[in-house]
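Please read the structure below before turning to the comments.
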Amino acid sequence: MSAHLLDVNTVVALIDPLHVHHDRAHRWFATRSEATWHTCPIVQNGVVRVVSHPKYPNHQPAPVVLASLASLAARDGHVFLPDSVSLLDSSIHTERLLASAQVTDSYLLHLAASHDALLATFDTRIVTSAVPSGSKVVFAIP
Numbered sequence: 001m002s003a004h005l006l007d008v009n010t011v012v013a014l015i016d017p018l019h020v021h022h023d024r025a026h027r028w029f030a031t032r033s034e035a036t037w038h039t040c041p042i043v044q045n046g047v048v049r050v051v052s053h054p055k056y057p058n059h060q061p062a063p064v065v066l067a068s069l070a071s072l073a074a075r076d077g078h079v080f081l082p083d084s085v086s087l088l089d090s091s092i093h094t095e096r097l098l099a100s101a102q103v104t105d106s107y108l109l110h111l112a113a114s115h116d117a118l119l120a121t122f123d124t125r126i127v128t129s130a131v132p133s134g135s136k137v138v139f140a141i142p
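Residue 108 in the UniProt record's numbering sits at position 108 of the sequence shown, with consecutive numbering throughout.
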């Protein structure tokens, strides 16, 4: 598994120079210049939703965020992943989804696993138990 599916916060950090993890994200991303990396509809829409929200500290209008996102996605190695899995899939341990905050993370873990990729994140508290081998699919960005 050398490909990474970037989560919303990772993409926000890459496109927002004022984000607390901006430099950290770019240092890690620079080490992967030859590697495949992914976004998906949930991640892309989440980035636009977060950064264009008026309460986001460095908020930008949606068209500006979309342009930044398009510029990032045009970089070498990007492969778009369509939404091709579901939390209704029989392999998901739905009884382990105990909080609403786990839903998107579990979905992204499942999508990454189904494409032999890792979910790249700054979040060290992701609950992985709903996804088979979920703990092996999450990658904490150093």
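Here a beta-carbon is modelled for each residue, glycine too, at the ideal position from N, C-alpha and C. As the structure is a computational prediction, the values presented were derived from the model and not from experiment.
Should residue i and residue j be called a contact, given that it needs their Cβ atoms to be closer than 7 Å?
i: L14; j: L72; result: yes
i: S52; j: A62; result: yes
i: L119; j: V138; result: yes
i: S2; j: A25; result: no
i: A117; j: L5; result: yes
i: L108; j: D23; result: no
i: H93; j: W37; result: no
i: L81; j: H115; result: yes
Indicate the three-state DSSP secondary structure (helix, strand or coil) for residue i in the structure shown.
i: V138; result: strand
i: A3; result: strand
i: H38; result: strand
i: residue 176; result: Given a span of 1 to 142 for the chain in the structure shown, any question on residue 176 remains unanswerable.
i: T31; result: coil
Could you confirm whether any beta carbon from chain D is found closer than 7 Å to the beta carbon of residue i?
i: A70; result: Annotation note: the requested chain D is absent from the structure, which comprises a single protein chain.
For residue i, collect the residues of the same chain with a Cβ closer than 7 Å to its Cβ; drop the 5 residues on either side in sequence, then sort them by chain order.
i: S91; result: P132
Cα separation between residue i and residue j?
i: Q60; j: D16; result: 10 Å
i: D76; j: V85; result: 25 Å
i: W28; j: I141; result: 7 Å
i: E95; j: T128; result: 13 Å
i: A113; j: H21; result: 25 Å
Got a sec? Which residues, its chain only, sit under 6 Å from residue i by beta carbon, not counting five neighbours each side?
i: L18; result: N58
i: V65; result: V48, V51 and S52
i: D83; result: P41
Just to confirm my understanding: we take residue i, look at its own chain, exclude 5 residues before and 5 after, and list those with CB closer than 8 Å. What are they?
i: V12; result: H19, V47, V50 and V51
Discussion item. With three or more C-beta pairs closer than 8 Å as the rule, is the segment 29-44 touching the segment 121-132?
Written reply: no
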